[in-house]
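Asker: Okay, handing you the structure first.
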Amino acid sequence: RIAREAQRYGAALVVLAISEQGQAESYDDKVRVCQRSYRLLRSRLDFPPQDIIFDCQLMPLGSPEQAGQATDFINAVAELRRTCPGASFIGGL
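The numbering used here puts the first residue of the sequence shown at 9, with every later residue one more than the last.
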């Protein structure tokens, strides 16, 4: 419903990498969730790809356990650029 309203008004959408299971933290989860969102927006609504903005959620870094998250974020954005043509990306720190 929100996507349809955004499209009606010519607004872009920021799509968070969150699924029914929660926040996508790994590379695979980020790619899977964002690709699914892209496919749904494009196939069901013909939503303009240039109006889709993915936030793959770069988590705060600081502990050794989180060291791979920055790499997962960068690699996920690279894969999504390849597989979701026209979409844009944001990542806040």
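Quick reminder that beta carbons are idealized off the backbone N, C-alpha and C, glycines included. Computed from a predicted model, the values in this text were never measured in an experiment.
#1: Can you give the beta carbon distance from alanine 11 to phenylalanine 62, rounded, assuming they're within the 8 Å contact cut?
#2: So glutamine 65 and leucine 24 are supposed to be a Cβ contact under 8 Å. How far apart are they, rounded?
#3: In terms of residue numbering, what span does the beta strand (DSSP E) encompassing phenylalanine 97 cover?
#4: Checking the sheet assignment: what are the DSSP bridge partners for glutamine 31?
#5: Kindly list the residues whose CB is nearer than 7 Å to the CB of proline 93, restricted to its own chain and excluding five residues on each side of it in sequence; keep chain order.
#6: Quick check on the burial criterion: 16 or more other C-beta atoms within 10 angstroms. Buried or exposed for leucine 49?
Answerer: Concretely, from the data shown:
#1: That belief does not hold up - the Cβ atoms of alanine 11 and phenylalanine 62 are roughly 14 Å apart, past 8 Å.
#2: About 7 Å separates the two Cβ atoms, so the contact holds.
#3: First-last of the beta strand (DSSP E) with phenylalanine 97: 96-98.
#4: Ile26.
#5: The answer, listed in chain order, is Pro57.
#6: Buried.
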